[in-house]
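Structure first, then comments.
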Amino acid sequence: MRSLLSNRKTYVALLLLFAIAWPFVVGQSAYYMGFFVTACIYSLSAVALNLLTGYGGQVSVGNGGFLTIGAYAVGILSYRFNVGIWLALPIAGIGAAAIGFVLGLPAARLRGHFLGIVTLGFGIAVPVVALNWESLTNGYNGIEVSRPALLSNDLEFFYFVIFLTAILLWMAINIARSRLGRAFIAVRDSEVAAMANGINVASYKTIMFTISAFFTGIAGGIYAYWVGFVSPNDYTLLTSFLLLAMIVVGGLASIWGAVAGAVLLTVLPSLTESYAGIGDTLIGAAVILIVLIRPAGIASLLRRKSGS
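Numbering (our numbering), first residue to last: 21 to 328.
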């Protein structure tokens, strides 16, 4: 056990060192730093979805909507009310969590394809609302988002994102290992058995949606600050399916598996940018191969490596 924990700490330390060194490896290129920031955004979003789907067993086809909500929350607060990043980002997470709570109330009483349809409707509706509520969102014109002076430099903001990602991943890991995480797993495995053990299934399902939305909302806010612009087309329904693909490839009920899946499916499209449509084809092929060859995802390989 000590050896396993030591290995994990070593891998995490190496990952952090790699992240810190990355800007200097790529000559502080905004493009390649942006690539890393995108991987962080998708990692947080995939981890959030994995808490809901992998640990809790609640399939969501609309988590991309929470990315949009977080991005617009930051955009609106920054552009219209001149709210700084230190307040705007937490509000983005809390705002998305509040909507996740509202969505979780009816969704908690559904399961299977009925739950999928409800979350699908949510994922479709959010960009449509963002597009048509022009008095608040500027519609097609979108919203410009300015960074605070303290983080106006790409390098400074890059390290801020790395720090924030590390904190949020640490929070997600602790949630997964806590009584709350064990309750999520109990609900996933058997709702009847969970109720027999005194677990309020509906309440815990609502909590799952709330927590997942919080993490995803902050990820959306990070995106808004990095890009400096938010529009209704930034995160569509395809984003929700991409997040599902990330946790399937990475491995359900694994925090680091979700991170690995997010990084892999961020890298693949970037390698084929000059070939239209090839990136999506590679993502589809990766999902099919993982399901057929390694249903437990990349996480099973990581566990085997740690065990050995």
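From the three backbone atoms N, C-alpha and C, an ideal C-beta is built for every residue, glycine too.
Below 8 Å on the Cβ atoms is my guess for residue i versus residue j; work out the distance and round it to an integer in Å.
i           : j           : result
residue 71  : residue 195 : 7 Å
residue 235 : residue 67  : 7 Å
residue 222 : residue 129 : 6 Å
residue 171 : residue 142 : Contact doesn't hold; Cβ gap of about 32 Å is too wide.
residue 318 : residue 273 : Residue 318 to residue 273, Cβ: 13 Å. No contact.
Relative to the alpha-carbon of residue i, which residue among the options has its alpha-carbon at the smallest distance?
i           : options               : result
residue 125 : 297, 295, 224 and 252 : 224
residue 155 : 96, 232 and 284       : 96
residue 188 : 317, 219 and 62       : 62
residue 58  : 290, 306 and 313      : 290
residue 242 : 311, 259, 60 and 119  : 60
residue 282 : 207, 122, 165 and 306 : 306
residue 177 : 51, 284, 214 and 246  : 246
residue 285 : 111, 302, 119 and 271 : 302
residue 117 : 226, 280, 35 and 271  : 226
Could you tell me the boundaries of the alpha helix (DSSP H) in which residue i lies?
i           : result
residue 162 : Counting along the chain, residue 162 falls outside any alpha helix (DSSP H), and DSSP gives it neither H nor E.
residue 194 : 174-197
residue 170 : First-last for residue 170: undefined, no H or E at that position.
residue 248 : Neither: residue 248 is in no alpha helix (DSSP H) and is coded neither H nor E.
residue 293 : Neither: residue 293 is in no alpha helix (DSSP H) and is coded neither H nor E.
To the nearest angstrom, how far is it from the Cα of residue i to the Cα of residue j?
i           : j           : result
residue 268 : residue 92  : 28 Å
residue 76  : residue 65  : 15 Å
residue 73  : residue 238 : 19 Å
residue 328 : residue 28  : Here the model assigns residue 328 a pLDDT of 45, short of 50, so the residue's position is not dependable, and the following value carries that caveat. Near 12 Å, if we compare the C-alpha coordinates of residue 28 and residue 328.
residue 193 : residue 275 : 7 Å
residue 150 : residue 263 : 20 Å
residue 308 : residue 168 : 43 Å
residue 46  : residue 191 : 30 Å
residue 175 : residue 56  : 12 Å
residue 208 : residue 218 : 15 Å
residue 164 : residue 115 : 20 Å
residue 120 : residue 134 : 17 Å
residue 152 : residue 202 : 41 Å
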